[in-house]
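Let me begin by presenting the structure, written as structure tokens, before commenting on it.
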Amino acid sequence: TKRGLRQAPHAGRWLAHSIDSIDLVVVSPANRARSTWELASAELDTTPPTRIDERTYAASASQLLDIVRDLPDDVDTVVLVGHNPGIEDLASLLTGQSVPMPTSALAVIGLVGSWSTAGESSAVLRASGRPPAGRPSAP
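With positions in the sequence shown counted from 1, the corresponding number in the numbering used here is that position plus 8.
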């Protein structure tokens, strides 16, 4: 959406100031998701490795969870650029709480253990929100 394209650079600036390093970005093949990441990543000092994953398009929370579980163990910080309702449902599934994810929203989720063990209520919501309307904040 036009709003999403306007907000993407703000999301990128927030990532640049809030996340020390990003090891991998997994992006939906949809043009709007790729455009969003292109605009957001332009705000970063360095562009992290990016992987287009066909499975993310129109994926349910359980399908996205499979993608998370497939992440390599040597990757610590991942950005997942996808679509609702799957992204919002995944954030809620992982944290065990409601995590609203409107257009260009960010959620920082801390996972204890390896990616392969990710599951229901296995993670902690560290921050969420939508720049520039407000900085993502702790729950």
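Positions of the beta carbon are idealized from the N, C-alpha and C atoms, including for glycine.
Owing to the predicted nature of the structure, the values given are computational and were not obtained by experimental measurement.
Output the boundary residues of the alpha helix (DSSP H) element that contains S106.
No alpha helix (DSSP H) contains S106, which DSSP labels as neither H nor E.
Consult DSSP for T58 and reduce its assignment to one of helix, strand or coil.
strand
Among T58, G104, P108, which residue has its Cα nearest to the Cα of H91?
P108
Would you give the residue range spanned by the alpha helix (DSSP H) that V76 belongs to?
69-77
Q105: buried (16+ other C-beta within 10 angstroms of its C-beta) or exposed?
exposed
Quick one: Cα of A16 to Cα of P110, how far?
12 Å
On the premise that A48 lies in contact with L23, defined as a C-beta separation below 8 Å, what is that separation, rounded to the nearest angstrom?
7 Å
The beta strand (DSSP E) enclosing G118, as first and last residue numbers:
114-119
Reduced DSSP category for R4 - H, G, I as helix; E, B as strand; rest coil
Within the shown structure, residues of the chain are numbered from 9 to 147, placing residue 4 beyond reach of any answer.
Do L88 and A131 come within 8 Å of each other at the CB atom, strictly closer than that value?
no
Since P139 contacts A19 with CB under 8 Å, what's their CB separation in whole angstroms?
5 Å
Leaving out five residues before and five after S129 in sequence, what residues of the same chain have Cβ atoms less than 6 Å from its Cβ?
G104
So the alpha helix (DSSP H) L52 belongs to, where does it begin and stop?
That residue, L52, is in no alpha helix (DSSP H); it is neither H nor E in DSSP.
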